[in-house]
Amino acid sequence: MSFKSDLRWSDVTPKSLYLNRRQIMTGAAALSAASLTAPAWAASEFSTDEAPNTFEEISGYNNYYEFGTSKEDPAANAGSLTTKPWSVVVDGLVDKPGTYDLGDLLSGLTVEERIYRFRCVEAWSMIIPWQGIQLSNLLTKLGPQPGAKFVAFETLVRPEEMIGQQMGILEWPYREGLRMDEAMHPLTLMATGLYDRDLPNQNGAPIRLVTPWKYGFKSIKSIVRISFVADMPPTTWNMMAANEYGFYANVNPEVDHPRWSQASERRIGAGLLAGRQDTLMFNGYADQVASLYSGMDLAANY
Ligand code: MTE
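One point on numbering: in the numbering used here, the residue at position 72 of the sequence shown is 73, and numbering is uninterrupted.
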């Protein structure tokens, strides 16, 4: 996924232009006899039509505690991370366990382009144009066994390159997990790029999870282990403060964080005059995902 300078996104590319560019690219790809994979942009049904945040906003205001706790630390400190070569351990209740080179892990899988709303638990939000693999396609390729009810993920531990890991800010590795039906949901991506560039290190290079209906802390970065497990796995923020951060972490304006309201959000880059906006149930993805939680008490399963 190399960056093509002639197709550089303007910082303010409206979606109409973006889609037009994709159509041009798709047309060009269709003319190429060598192009055997389906065009990668069956994405529109999943994408929001809100204008994306700028590349500078998306890569300059991050949470990535392996590189420090302030929003500017990841951009300042993540340059030290080596992301090539990169391998991912696949283990647990799965037909094809092993240690995979990232290229081998993803080979044969279609890269999708999707513009997702992103909502951090700290009540700010962005709109991010991702490139990534639908996680369901990767999991299917690996062959989940019937006993696998959850998927667990771990981030790299490499304190010599991750300055925050030299401090006991969190219990490393950063861990996250999804119920199998959440992991198999078509909205769930393994992102490998944004704005047609490889992922910046501070955004979780070379591969990170994106679950747009959940608070941002579920979207674990720089993944080195994928485990298929029978039981709900431990997750970093839940281990830190179980009363504040649940396993599900679905965006829910009706269930407040114990220390602040979750009813509204501040869109990064919108400016002070824009004010706050109402947060939408499941971050606006209720039509697609609410059925995953039917019958569950969302105040108890936060
Ligand atoms: N993954 C790891 N490994 N370490 C982290 O500190 N922070 C999480 C999540 N994934 C985090 C992580 C939180 S709190 C948020 S809001 C998002 O990453 C931020 O993702 P972004 O930088 O792409 O906006």
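Note that CB positions come from ideal geometry on N, CA and C, so glycine has one too.
Do Y286 and the ligand MTE come close, with the Cβ less than 7 Å from some heavy atom? No, the ligand MTE has no heavy atom inside 7 Å of this Cβ.
Determine the contact status of T189 and L136, defining contact as a CB-CB distance below 8 Å. yes
Whose C-alpha, out of T55, N78, T100, D298, is nearest the C-alpha of W87? T100
Can you tell me the Cα-Cα spacing of P147 and L94, whole angstroms? 8 Å
Where T38 falls: helix, strand or coil (DSSP): Reliability of the predicted coordinates at T38 is poor, the pLDDT of 42 falling under 50, and the value obtained from them is presented with this limitation in mind. Of the three classes helix, strand and coil, the one that applies to T38 here is coil, per DSSP.
For the ligand MTE, I want to know if F119 counts as a neighbour, meaning its beta carbon is within less than 7 Å of at least one of the ligand's heavy atoms. yes
Cross-strand partners of Q203 (DSSP beta bridge): Its beta-bridge partners do not exist; DSSP assigns none.
Under 8 Å, do T84 and P201 count as touching if we go by C-beta distance? no
Give the straight-line distance between the Cα atoms of R260 and H186, rounded to the nearest whole angstrom. 31 Å
My understanding is that K222 touches R209, with C-beta atoms under 8 Å, so please give their C-beta distance in whole angstroms. 4 Å
Pair within 8 Å by beta-carbon distance, I164 and F68: yes
CB of N204 within 8 Å of CB of I116, strictly: The beta carbons of N204 and I116 sit no closer together than 8 Å.
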